[in-house]
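Single-structure report; data block below.
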Amino acid sequence: MIQLKQITKSFGSHRILKGIDLQVEDGQTLAIIGPSGSGKSTLLRCLNLLEKPDGGIVQIGAHRYDSSHITKEEMLEFRRATAMVFQGFNLFANQSVINNIILPLRVRKKCDKEKGREIALRLLKQVGLADKADAYPSQLSGGQQQRVAIARALALQPEVILFDEPTSALDPELVNGVLDVIRSIRSETMIKIIVTHEMSFARDAADAVIFLEDGQIIEQGSAHEVFDHPKQERTKKFLQNFQ
Ligand code: ADP
Ligand code: MG
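Going by the working numbering, the letters in the sequence shown line up with residues 235 to 477, in that order.
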């Protein structure tokens, strides 16, 4: 389970997150929607401590971050509990597809080469790219690269997988292939948190949705509640942009 209590974050004098309370149950998929600049990426980065919150508590399973003190080892454990899929894929350009998956496994999970290879091949098959194992990222489409990035994240078996606008950099015809892969992991036990502007995807793939604006959660509920019966005027207005 993930629990956030009163998370705050500023950059200089600019308050970005203004007290975020949130709970996500094991296995759930949470979609985060909201306008550009509302703090969605910052919130994701506070979850894996790529950014340290200024105040509040982040709890992921047994790992607890309380803004006042954390050791380096605790910080590493926190990072290992999470994996992130970025808008720009962030693959190692000078490594083959399969090595992109094996190398983090060796570093994070201390896997030997053979075991790493076995896991990587299984996941490449799962995302429909078994035949691309020895290709280099530059030889793949953006959609294929993102599917490799998802396979890499899954290989690490994190407690939480964070997706930051995973389809925003893709040509429209490649978006669905990536969304299908994300849909296909819905039943896996890890928590999935997805920042997205793909509203129809969020509606059918997410268990819960939060609408973030100006560093605050304006509305939250089930996908059905937020999309079909939004309570706040701000949410209604935002959703109108996607109809
Ligand atoms: P979103 O992902 O919803 O578009 P972000 O979390 O990226 O929003 O950004 C929220 C605000 O925080 C923006 O105004 C952005 O300019 C600012 N911001 C984000 N990261 C930094 C940073 N490292 N330093 C300074 N300002 C930042
Ligand atoms: Mg963002």
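Ideal Cβ positions, reconstructed from N, Cα and C, are used throughout, including at glycine.
Being a predicted model, the structure only gives us computed values, none of them experimental.
Pair within 8 Å by beta-carbon distance, residue i and residue j
i: residue 323; j: residue 389; result: no
i: residue 371; j: residue 327; result: yes
i: residue 289; j: residue 242; result: yes
i: residue 436; j: residue 417; result: no
i: residue 350; j: residue 377; result: no
i: residue 447; j: residue 269; result: yes
i: residue 364; j: residue 355; result: yes
Any non-hydrogen atom of the ligand MG closer than 7 Å to residue i Cβ
i: residue 275; result: yes
i: residue 441; result: no
i: residue 429; result: yes
i: residue 448; result: no
i: residue 399; result: yes
Same chain only: Cβ atoms within 8 Å of residue i, ignoring 5 sequence neighbours per side
i: residue 451; result: 254, 255, 256, 444, 445
i: residue 316; result: 281, 282, 294, 392, 393, 394, 395, 396
i: residue 473; result: 433, 461, 464
i: residue 345; result: 336, 339, 353
Per-residue burial, residue i [other beta carbons within 10 Å of its own, 16 or more giving buried]
i: residue 307; result: exposed
i: residue 476; result: exposed
i: residue 245; result: exposed
i: residue 406; result: exposed
Same chain, Cβ closer than 6 Å to residue i, five either side skipped, listed in chain order
i: residue 428; result: 265, 397
i: residue 457; result: 437, 440, 443
i: residue 320; result: 398
Residue i Cβ short of 7 Å to the ligand ADP heavy atom set
i: residue 455; result: no
i: residue 476; result: no
i: residue 419; result: no
Proximal residues to residue i (C-beta, below 7 Å), its chain only, five neighbours per side dropped
i: residue 276; result: 243, 250, 251, 285
Quick one: complete beta strand (DSSP E) runs, 3+ long, within the stretch 260-325? 263-267, 289-294, 297-300, 316-319
Quick check for students: name the residue ranges of the alpha helix (DSSP H) that lie wholly in the stretch 391-469, counting only runs of 4 or more. 406-418, 433-439, 457-462
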